[in-house]
Amino acid sequence: GTRDGYFKEDEEVVNYIKTFSPDILFIAMGSPKQEYWIKKNMDALNIPFLMGVGGSYDVICGNIKRAPKWMCSMGLEWLYRLIKEPWRIKRMSVLPKFLAKVALERRK
223 GTRDGYFKED
233 EEVVNYIKTF
243 SPDILFIAMG
253 SPKQEYWIKK
263 NMDALNIPFL
273 MGVGGSYDVI
283 CGNIKRAPKW
293 MCSMGLEWLY
303 RLIKEPWRIK
313 RMSVLPKFLA
323 KVALERRK
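As structure tokens, this is what we get:
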């Protein structure tokens, strides 16, 4: 199933998702919003595999052009997106902090 990412109450969406009993859930709300949403709701969802896919759907649908292959092969696709969409810098700057929190949480 699908659901748009524009809602006020997490509980309503979590209950809606749970009616399908999925094994995999892709969340495309953009970073870092999707990562915070996953962290907040992962226990209530009880789904084995949750993944934030950010702008992947925009690329797949052709709304955004993918980085050149040489940039992808060098792990620089993020830089291409930043050059094309400079307003993303604020959102992207929180990712290292989020990853550190995830690493610390996994150690518990």
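Each residue of the sequence shown is one higher than the one before, counting from 223 in our numbering. Cβ atoms here follow ideal geometry from the backbone N, Cα and C, with glycine treated the same way.
Query raised in the report: Are the Cβ atoms of Met264 and Ile246 separated by less than 9 Å?
Result: The answer is no: Cβ separation not under 9 Å.
Query - Beta-ladder partner(s) of Gly364, from DSSP - result: Residue numbering for the chain in the displayed model covers 223 to 330; residue 364 lies beyond these limits and cannot be assessed.
Query raised in the report: What three-state label does DSSP hand Asn268 in the structure shown?
Result: coil
Report task. Please classify Asp226: does DSSP put it in a helix, a strand, or coil? Result -> coil
Query raised in the report: Taking the alpha-carbon positions, what's the Pro254 to Lys323 distance?
Result: Each residue's CA atom was taken as its position, placing Pro254 and Lys323 some 13 Å apart.
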